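Numbering (our numbering), first residue to last: 7 to 114.
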């Protein structure tokens with residue numbers, strides 16, 4: 007004899023990945039690694055969501071501020087970099103000791 011199926015409880019309403027990123031970005035500048043740990047997703051996923059988040063924030067009158075990555079060896083700042091990801095090496099000294107960019111949300 008089979009056991010009658012129990013009804014499943016309703017799913018909890020959860021935030022989308024971008025909503026959860028936005029929730030953490032309002033407090034202070036955070037790196038992609040920090041965001042990945044707080045939002046429970048991979049760093050690669052965080053980097054994939056950031057351009058879309060920046061676009062949707064623009065429509066809300068907000069902006070995604072990017073604090074540029076910097077070389078730990080010579081102090082070079084990647085201010086002109088359009089990508090959100092961490093650079094692999096410094097164009098000045100060619101070293102690979104790079105601090106990752108940090109992100110925060112601010113009004114326009």
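Don't be surprised by glycine CBs; every beta carbon is placed ideally from N, CA and C. The model shown is predicted, which means the values in this text are computed figures rather than measured ones.
Three or more beta-carbon pairs drawn from the segment 60 to 77 and the segment 102 to 114 are found closer than 8 Å, and the two stretches are therefore classed as touching. In the structure shown, residue 71 falls within a strand segment according to DSSP collapsed to helix, strand and coil.
Annotation for residue 23: no beta strand (DSSP E) segment contains it, though the alpha helix (DSSP H) segment containing it runs 23 to 31. In its chain, beyond the 5 residues on either side, 68, 69 and 71 have a beta carbon closer than 8 Å to the beta carbon of residue 112.
Contact between residue 28 and residue 59 holds: CB atoms are separated by about 7 Å, below the 8 Å threshold. Assignment of residue 94 by DSSP, reduced to helix, strand and coil, places it in the coil class.
Here residue 96 is buried: its Cβ has 16 or more other Cβ atoms, across all protein chains shown, within 10 Å. Counting along the chain, the unbroken beta strand (DSSP E) around residue 113 starts and ends at 108 to 113.
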